[in-house]
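Engineer: Let me give you the structure first, and then I'll get to my questions.
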Amino acid sequence: MDIYEEVKSAATIGISGHIRPDGDCVGSVMGLYLYLKKVCPDAKIQVMLEKPADVFSCIKGIDEIHTDFVSDVKNFDVFFALDAAKDRLGEAEKYFDEAEKKINIDHHISNKGCGDVNYIMPEASSTSELVYDLITDKSLLDEEIAKALYIGIIHDTGVFQYSNTSPSTLKAAAELISYGFDFPRLIDETFYEKTYLQNQILGRSLLESILFMNGRCVVSMVDKKTMNFYGANPHDLEGIVSQLRNTKGVECAIFMYQTDTLEYKVSLRSNGKVDVAKVAAFFGGGGHVRAAGATMRGTFHDIVNNLSAQIAEQLKA
Ligand code: 5GP
Ligand code: MN
Numbered sequence: 123m124d125i126y127e128e129v130k131s132a133a134t135i136g137i138s139g140h141i142r143p144d145g146d147c148v149g150s151v152m153g154l155y156l157y158l159k160k161v162c163p164d165a166k167i168q169v170m171l172e173k174p175a176d177v178f179s180c181i182k183g184i185d186e187i188h189t190d191f192v193s194d195v196k197n198f199d200v201f202f203a204l205d206a207a208k209d210r211l212g213e214a215e216k217y218f219d220e221a222e223k224k225i226n227i228d229h230h231i232s233n234k235g236c237g238d239v240n241y242i243m244p245e246a247s248s249t250s251e252l253v254y255d256l257i258t259d260k261s262l263l264d265e266e267i268a269k270a271l272y273i274g275i276i277h278d279t280g281v282f283q284y285s286n287t288s289p290s291t292l293k294a295a296a297e298l299i300s301y302g303f304d305f306p307r308l309i310d311e312t313f314y315e316k317t318y319l320q321n322q323i324l325g326r327s328l329l330e331s332i333l334f335m336n337g338r339c340v341v342s343m344v345d346k347k348t349m350n351f352y353g354a355n356p357h358d359l360e361g362i363v364s365q366l367r368n369t370k371g372v373e374c375a376i377f378m379y380q381t382d383t384l385e386y387k388v389s390l391r392s393n394g395k396v397d398v399a400k401v402a403a404f405f406g407g408g409g410h411v412r413a414a415g416a417t418m419r420g421t422f423h424d425i426v427n428n429l430s431a432q433i434a435e436q437l438k439a
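Residue numbers for the sequence shown follow my numbering, so the first one is 123 and each next one is one higher.
As structure tokens, then:
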């Protein structure tokens with residue numbers, strides 16, 4: 123696929139990513155946006171995305187996002203869905219459905235491709251790495267595009283730590299840092315740095331976590347009352363599940379937070395023995411082998427029981 127070929131005759135272009143956008147989602151969407159603004163200067167280009175976390179305010183153009191999903195365009199000539207299939211676009215799904223040409227770029231193995239043009243590469247570290255690959259004329263990259271894509275890559279690879287990091291990921295990152303942005307600061311400010319509040323909830327989640335299945339699984343949960351008490355939003359809970367997974371002996375970590383009465387957003391992490399994408403898909407979610415998620419209904423205990431059955435089956439096999 124050649125992005126420029128796909129959009130060159132378009133007068134209106136829309137771009138979106140998934141609900142509760144993470145670093146890769148924001149990075150890939152903004153990287154593509156900045157690139158398209160450059161190569162299609164006469165086109166009307168709009169990003170429809172939920173408001174990214176404050177740490178991403180360093181990305182150029184972030185204030186131009188239509189976070190209210192309101193647009194004067196009804197039928198975009200081209201509409202991009204990044205880092206997800208259309209069912210996770212939230213309010214942007216309607217724009218995708220009504221677009222003349224739908225393009226889906228993603229690296230989730232659970233995504234079968236929902237566009238007229240699909241570029242789904244499960245072996246890629248991140249959607250940001252895919253956007254980098256798809257910008258075939260690298261002379262069109264610049265510092266701001268590079269920064270956005272670099273942020274996306276570091277977030278989905280845990281700063282090049284996870285097994286999804288490949289030689290091509292590092293080659294892409296090597297090229298991107300050549301644009302000269304302050305990457306150590308970017309890594310610190312967008313990935314490692316936590317607010318006092320985030321650390322407090324992390325500490326509390328670790329303290330209240332429960333080991334089960336002979337120490338092979340760990341689970342923790344934050345309910346609505348607690349979130350309200352701390353004034354926390356879902357962004358404040360990112361990273362908790364990875365910390366749980368760091369527990370010695372643990373093969374699968376579960377973290378969930380309450381979204382409604384009898385409804386939880388579940389995050390799963392594994393060291394590779396358990397395919398959590400499979401577990402999540404069983405409950406209507408998706409993701410990758412080592413990182414996946416789903417929204418589940420029931421009490422905390424019901425959900426843990428249901429997940430455990432799926433995880434135990436895989437650990438037995
Ligand atoms: P997280 O646990 O950080 O929210 O997500 C881990 C991975 O699973 C990410 O790649 C994310 O896109 C994917 N994921 C999380 N929740 C869902 C979900 O409800 N449905 C699908 N299809 N993927 C999800
Ligand atoms: Mn991603």
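All C-beta atoms in this analysis are idealised placements derived from N, C-alpha and C, irrespective of residue type, glycine included.
May I ask you to report which of helix, strand or coil DSSP gives Glu172?
Structural biologist: Looking at Glu172 - three-state DSSP - the assignment turns out to be coil, as it is neither helix nor strand.
Engineer: Within 7 Å: the Cβ of Asp255 and any heavy atom of ligand 1?
Structural biologist: Result no, Cβ not under 7 Å from ligand 1.
Engineer: Which first and last residues belong to the alpha helix (DSSP H) in which Tyr126 is found?
Structural biologist: Start and end: 125–129.
Engineer: Work out the CA separation of Asn321 and Asp424 for me, nearest whole Å.
Structural biologist: Roughly 28 Å between the two C-alpha positions.
Engineer: By the three-class DSSP mapping on this structure, what secondary structure does Tyr217 have?
Structural biologist: In this structure, Tyr217 counts as helix in the three-state DSSP scheme.
Engineer: So Tyr217 and Gly136 are supposed to be a Cβ contact under 8 Å. How far apart are they, rounded?
Structural biologist: Tyr217 to Gly136, Cβ: 5 Å. Contact.
Engineer: What residue range is occupied by the uninterrupted alpha helix (DSSP H) comprising Asp397?
Structural biologist: Looking at the DSSP string, Asp397 is not in any alpha helix (DSSP H), and its letter there is neither H nor E.
Engineer: Please state whether the Cβ-Cβ distance between Tyr379 and Pro356 is less than 8 Å.
Structural biologist: In contact: Tyr379 and Pro356 (Cβ atoms closer than 8 Å).
Engineer: Rounded to whole angstroms, what's the CA-CA distance from Val340 to His140? Just pull it up for me.
Structural biologist: Taking the straight line joining both Cα atoms gives about 27 Å.
Engineer: With a threshold of 7 Å (Cβ to nearest heavy atom), would Val200 be considered close to ligand 1?
Structural biologist: Incorrect: Val200 has no Cβ contact closer than 7 Å to ligand 1.
Engineer: Give the straight-line distance between the Cα atoms of Ala133 and Lys395, rounded to the nearest whole angstrom.
Structural biologist: For Ala133 and Lys395, the distance between alpha carbons rounds to 48 Å.
Engineer: State the Cα-Cα distance for the pair Cys236 and Val192, rounded to the nearest angstrom.
Structural biologist: In a straight line, the C-alpha of Cys236 is about 23 Å away from that of Val192.
Engineer: At which residues does the beta strand (DSSP E) containing Asn428 begin and terminate?
Structural biologist: Looking at the DSSP string, Asn428 is not in any beta strand (DSSP E); the run it does join, the alpha helix (DSSP H), is 422–438.
Engineer: With a threshold of 8 Å, are at least 3 pairs of Cβ atoms found where one atom belongs to the region 228–245 and the other to the region 206–215?
Structural biologist: The region 228–245 vs the region 206–215: in contact.
Engineer: Comparing alpha-carbon positions, which option in Ala175, Asp124, Pro174 lies nearest Leu102?
Structural biologist: The structure shown does not extend to residue 102, since the chain is modelled only from 123 to 439, so the question has no answer here.
Engineer: Distance check for Tyr272 and Gly280, CA to CA, integer angstroms please.
Structural biologist: Whole-angstrom Cα-Cα distance: 12 Å.
Engineer: Indicate, with yes or no, if ligand 2 has a heavy atom lying under 7 Å from the CB of His103.
Structural biologist: In this structure the chain extends from 123 to 439, so residue 103 is not present and cannot be described.
Engineer: Do Cys147 and ligand 2 come close, with the Cβ less than 7 Å from some heavy atom?
Structural biologist: Indeed, a heavy atom of ligand 2 lies less than 7 Å from the Cβ.
Engineer: How about Ser248: is its Cβ closer than 7 Å to a heavy atom in ligand 4?
Structural biologist: Summarising the ligand content, the structure contains ligand 1 and ligand 2 and does not contain ligand 4.
Engineer: In whole angstroms, what is the alpha-carbon distance linking Ser364 and Asp190?
Structural biologist: Their backbone Cα atoms lie some 31 Å apart in a straight line.
Engineer: What is the DSSP secondary structure of Met343, counted as helix, strand or coil?
Structural biologist: DSSP places Met343 in strand when its eight states are reduced to three.
Engineer: For the candidate residues Met243, Arg142, Asp185, Asp176, whose alpha-carbon lies nearest to that of Leu156?
Structural biologist: It is Asp185.
Engineer: When DSSP labels each residue in this structure, what does Ala296 get in the three-state scheme?
Structural biologist: Helix at Ala296.
Engineer: According to the Cβ coordinates, are Val401 and Ile433 closer than 8 Å?
Structural biologist: For Val401 and Ile433, yes; Cβs fall inside 8 Å.
Engineer: To the nearest angstrom, report how far apart Ile299 and Glu266 are at their CA atoms.
Structural biologist: Straight-line Cα distance between these residues: approximately 11 Å.
Engineer: Could you check whether the Cβ of His444 sits closer than 7 Å to any heavy atom belonging to ligand 2?
Structural biologist: The chain is shown from 123 up to 439; residue 444 falls before or after that span and cannot be answered.
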